[in-house]
Amino acid sequence: DIVLTQYPGTLSSSPGERVTLACRASESLSGNFVAWYQLSPGQAPRLLIYAASRRAAGVPDKFSGSGSGTDFTLTIARLEPEDFAVYYCQHYGGSPLFTFGQGTKVDVK
Amino acid sequence: LQMQESGPGLVKPSETLSVTCSVAGASIGSISSYWGWIRQSPGKGLEWVGSVFYNGSTYSNPSLKRRVTISRDLSKNHFSLNLHSVTVADTAVYFCAGDQYSSSWWVSWGQGTLVTVSS
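Protein chains in written order, with our numbering: chain W, 1 to 109; chain F, 1 to 119.
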């Protein structure tokens, strides 16, 4: 089974800062099937990035994704109050069909 | 596209957990559409439970040991999850999610419904 490991587990930052979240796979992945989500308390999860680097509809350009092989990243260019949330990477393919990382929590320093 | 889960809130151990997702703004039978269930146990991350394609084909997470049944009602435009023989470990927020065009990621999500397994 593919395992996705996200780090750090918690990232403490301040509004206006730039942060980079990492997602490492246990084996090489096709980047075409890597996505990132944002989970905020009391809200529906939100797709941010798909195919490793494409922004979903309505997602501001402060969010960007990159990576290939086993290493993928999500960067938030300038943190705003609504960006303090938990972020998950996800891969499609293999067994199980969908695998999620354990999440990175971005909280206020 | 809007999605809304509904469920019992509380289920007893060994019984069947049933949750339904009502979809508005798209037909769950439209070609290429893909729908599914993802859950989040308290204090834990996201876990894919199972999915149903527009043609009725279903897939589920092997870790759930064949306890998953996913069905759909095209006339009501909703799909349902039945998780059999539940234990306290199945306590979670159950999200429904889906998309009209992609089967590789989850574009639209419901708010989630908390189901607690307890006697």
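Just so it is clear, CB atoms sit at the ideal spot from N, CA and C, and this is done for glycine as well. Keep in mind the model is a prediction, meaning the values are calculated, not measured.
Worksheet item: Measuring CA to CA, which of F:S30, F:K65, F:D73 and F:G45 is closest to F95 of chain F?
Response: Along the second sequence, one-based indexing puts residue 95 of chain F at 95. Residue F:G45 is the option with its Cα nearest to F95 of chain F.
Item to complete: Rounded to whole angstroms, what's the CA-CA distance from V23 of chain F to S13 of chain W? Just pull it up for me.
Response: Residue 23 of chain F sits at position 23 when you count from the first residue of the second sequence. Residue 13 of chain W sits at position 13 when you count from the first residue of the first sequence. Straight-line Cα distance between these residues: approximately 37 Å.
Worksheet item: Do T73 of chain W and V3 of chain W have their C-beta atoms within less than 9 Å of each other?
Response: Position 73 of the first sequence, counted from the start, is the residue given in the question as residue 73 of chain W. Position 3 of the first sequence, counted from the start, is the residue given in the question as residue 3 of chain W. If you check the CB distance, T73 of chain W and V3 of chain W do not come in under 9 Å.
Worksheet item: Just reading off the beta strand (DSSP E) that S33 of chain W is part of, what are its end residues?
Response: For the purposes of this step, residue 33 of chain W is taken as residue 33 along the first sequence, with counting starting at 1. In the sequence as displayed, the identity of residue 33 of chain W is Phe instead of Ser. Careful: F33 of chain W lies outside any beta strand (DSSP E) and carries neither H nor E.
Worksheet item: Going by the CB atoms, is the gap between P42 of chain F and T87 of chain F shorter than 9 Å?
Response: The count along the second sequence starts at 1 and reaches residue 87 of chain F at position 87. The count along the second sequence starts at 1 and reaches residue 42 of chain F at position 42. In this structure, P42 of chain F does not lie closer than 9 Å to T87 of chain F by Cβ.
Worksheet entry | Min CB distance R55 of chain W to chain F below 9 Å | Taking the first residue of the first sequence as position 1, residue 55 of chain W is located at position 55. Cβ-Cβ to chain F under 9 Å: no for R55 of chain W.
Worksheet item: Counting along the chain, where does the beta strand (DSSP E) carrying K12 of chain F start and finish?
Response: Here residue 12 of chain F refers to the residue found at position 12 of the second sequence. It is not in any beta strand (DSSP E) - K12 of chain F carries neither H nor E in the DSSP assignment.
Worksheet item: Between L1 of chain F and G98 of chain F, what straight-line distance do the alpha-carbon atoms span, to the nearest angstrom?
Response: Numbered from 1 along the second sequence, position 1 holds the residue referred to as residue 1 of chain F. Numbered from 1 along the second sequence, position 98 holds the residue referred to as residue 98 of chain F. Straight-line Cα distance between these residues: approximately 9 Å.
Worksheet item: Is there contact here, the segment 36-43 of chain W with the segment 18-34 of chain F, by at least three beta-carbon pairs under 8 Å?
Response: No, the segment 36-43 of chain W does not touch the segment 18-34 of chain F.
Practice prompt. Taking Y87 of chain W as part of the beta strand (DSSP E), name the residues at either end of that continuous run.
Written response: Here residue 87 of chain W refers to the residue found at position 87 when the first sequence is read from its first residue. V86 to Y92 is the span of the beta strand (DSSP E), which, as asked, contains Y87 of chain W.
Fill in: L46 of chain F - DSSP class collapsed to helix/strand/coil
Start at 1 with the first residue of the second sequence, and residue 46 of chain F comes out as number 46. Three-state result, L46 of chain F: strand.
Practice prompt. Determine the chain F residues that contact Y50 of chain W at a beta-carbon separation under 9 Å, and present them in chain order.
Written response: As a first step, residue 50 of chain W must be located in the first sequence, where it is residue number 50. In chain order: S102, S104, W105 and V107.
Fill in: Within 8 Å of chain W by C-beta, residues of the segment 61-88 of chain F in sequence order
N61, P62 and S63
Practice prompt. Could you say which of W:L21, W:N32 and W:G16 lies nearest to G101 of chain W if we only look at CA atoms?
Written response: Here residue 101 of chain W corresponds to residue number 101 of the first sequence, with the count starting at 1. The residue with the shortest Cα to Cα distance from G101 of chain W is W:L21.
Discussion item. Looking at T104 of chain W: is its Cβ nearer than 9 Å to the Cβ of L29 of chain W?
Written reply: Counted from its first residue, the first sequence places residue 104 of chain W at position 104. Counted from its first residue, the first sequence places residue 29 of chain W at position 29. For T104 of chain W and L29 of chain W, no; Cβs fall outside 9 Å.
Item to complete: Say whether the segment 64-76 of chain F touches the segment 65-85 of chain W, bearing in mind that this needs 3 or more beta-carbon pairs closer than 8 Å, one atom from each stretch.
Response: Counting Cβ pairs under 8 Å, fewer than three are found: no touch.
Item to complete: With DSSP collapsed to three states, give me the class of S63 of chain F.
Response: Locating residue 63 of chain F in the second sequence gives position 63, counting from the first residue. S63 of chain F: helix per DSSP, three-state reduction.
Practice prompt. Could you check which residue in F:L64, F:K65 and F:S57 has the C-alpha nearest to that of F79 of chain F?
Written response: Counting from one through the second sequence, the residue named residue 79 of chain F turns up at place 79. Considering only alpha carbons, the answer is F:S57.
Practice prompt. Step through the CB atoms of chain W and report whether any lies within less than 9 Å of the CB of E15 of chain F.
Written response: Counting from one through the second sequence, the residue named residue 15 of chain F turns up at place 15. Output row for E15 of chain F: interface = no.
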